[in-house]
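A.B. asks: Dropping a structure here in structure tokens format, bear with me for questions.
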Amino acid sequence: EAGVAQSPRYKIIEKRQSVAFWCNPISGHATLYWYQQILGQGPKLLIQFQNNGVVDDSQLPKDRFSAERLKGVDSTLKIQPAKLEDSAVYLCASSLEAGGGETQYFGPGTRLLVL
Amino acid sequence: KDQVFQPSTVASSEGAVVEIFCNHSVSNAYNFFWYLHFPGCAPRLLVKGSKPSQQGRYNMTYERFSSSLLILQVREADAAVYYCAVEDLACAGNMLTFGGGTRLMVKP
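The listed protein sequences derive, respectively, from chains A and B. Those letters in the first sequence? Residues 1082 to 1196, by this note's numbering. Those letters in the second sequence? Residues 4 to 111, by this note's numbering.
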């Protein structure tokens, strides 16, 4: 079974530029998550989708971050404009449903460096 | 603010049993999840649940506000970062709150 795919794997940009990340979840998984992991910290949830609807985006900095999952499958996360503190690994995960105890399967992440 | 706490580093010798402890302040927590992470790779679930459980060399203990991951017969290849996560049933979608990760160092 193919896992969660993410691209690009690495991205270096200058501050105030824009960047977008792409995620393809495991086939059939209704729930998709985007996490931000700053160096030395655990992953922090940014946004959670159930199919193409947003379940939770309370920790998404909406002035600069946006995410969409238009057809309920692939998802993109965008940062516009980027700040130095956005340097982190952005992890995408998916699960079959959003029920209690469901396992979240992670992708390898996109490492972003903002200069 | 709900938080999950785990030691930043744990050291073990090959062949030993190592315990990584986790506790939290999430009031409506139910399940614990333990993930293994090699930097640059996808975090991988080792064991999860709301009761003590075992998957191969990985044992998980369970208390209301704490859990331990025990790794049996530690190997050099187990050197990685281990994340504890707690599921908050009060949140829509049962979101996970992660600890800061514990780096396991293995001495030959």
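In this text, a Cβ means the ideal position worked out from N, Cα and C, and glycines have one as well.
Do you know how far the Cα of B:Asn34 is from the Cα of A:Lys1152?
C.D. replies: A:Lys1152 and B:Asn34: Cα-Cα distance of roughly 30 Å.
A.B. asks: When the Cα of B:Thr105 is compared with those of B:Ser71, B:Met98, B:Ala45 and B:Asn31, which residue comes out closest?
C.D. replies: Among B:Ser71, B:Met98, B:Ala45 and B:Asn31, the Cα nearest to that of B:Thr105 belongs to B:Ser71.
A.B. asks: Return the chain-ordered list of same chain residues with a C-beta closer than 6 Å to the C-beta of A:Asp1167, the five sequence neighbours on each side being excluded.
C.D. replies: So the list reads Ile1160 and Val1195, once near-sequence residues are dropped.
A.B. asks: For the beta strand (DSSP E) that contains B:Val20, what are its first and last residues?
C.D. replies: Taken as a continuous stretch (DSSP letters only), B:Val20 belongs to no beta strand (DSSP E), as it is neither H nor E.
A.B. asks: Applying a beta-carbon distance threshold of less than 7 Å, which residues of chain A neighbour B:Met98?
C.D. replies: Within chain A, the residues near B:Met98 are Leu1126, Gln1129 and Asp1137.
A.B. asks: When burial is assigned at 16 or more other CB atoms within 10 Å of the CB, is A:Pro1106 buried or exposed?
C.D. replies: Under this definition A:Pro1106 is a buried residue.
A.B. asks: Measure from the alpha carbon of B:Leu75 to the alpha carbon of each residue in B:Phe8, B:Ser11 and B:Glu17, then state which is nearest.
C.D. replies: Of B:Phe8, B:Ser11 and B:Glu17, the residue nearest in Cα terms is B:Glu17.
A.B. asks: Taking Cβ positions only, does A:Gln1117 come closer than 8 Å to chain B?
C.D. replies: No, A:Gln1117 lies away from the interface with chain B (no Cβ there is under 8 Å from its Cβ).
A.B. asks: Can you tell me which of B:Lys110, B:Ser53 and B:Arg47 puts its alpha carbon nearest to the alpha carbon of B:Asp91?
C.D. replies: Here the closest residue by C-alpha is B:Ser53.
A.B. asks: A:Val1195 CB to nearest chain B CB: under 8 Å?
C.D. replies: So, not an interface residue.
A.B. asks: Report the three-state DSSP secondary structure of A:Glu1166 (helix, strand or coil).
C.D. replies: Correct three-state label for A:Glu1166: helix.
A.B. asks: Based on DSSP bridge pairs, tell me the residues matched to A:Cys1173.
C.D. replies: A:Cys1173 pairs with A:Trp1115.
A.B. asks: When you compare the CB of A:Gln1122 with every CB in chain B, is at least one pair closer than 8 Å?
C.D. replies: Yes, A:Gln1122 lies at the interface with chain B (some Cβ there is under 8 Å from its Cβ).
A.B. asks: Measuring CA to CA, which of A:Asp1144, A:Gln1129 and A:Lys1143 is closest to A:Leu1137?
C.D. replies: It should be noted that the sequence gives Asp, not Leu, for residue 1137 of chain A. Answer by Cα proximity: A:Gln1129.
A.B. asks: Are the region 4-15 of chain B and the region 42-61 of chain B touching, with three or more C-beta to C-beta distances below 8 Å?
C.D. replies: No, the region 4-15 of chain B is not in contact with the region 42-61 of chain B.
A.B. asks: Distance cutoff 8 Å, beta carbons only. Does B:Cys44 sit that close to anything in chain A?
C.D. replies: Yes, B:Cys44 lies at the interface with chain A (some Cβ there is under 8 Å from its Cβ).
A.B. asks: At 7 Å on the CB atoms, spell out the chain A contacts of B:Tyr33, in chain order.
C.D. replies: Near B:Tyr33 (Cβ distances below 7 Å), the residues of chain A are Gly1181.
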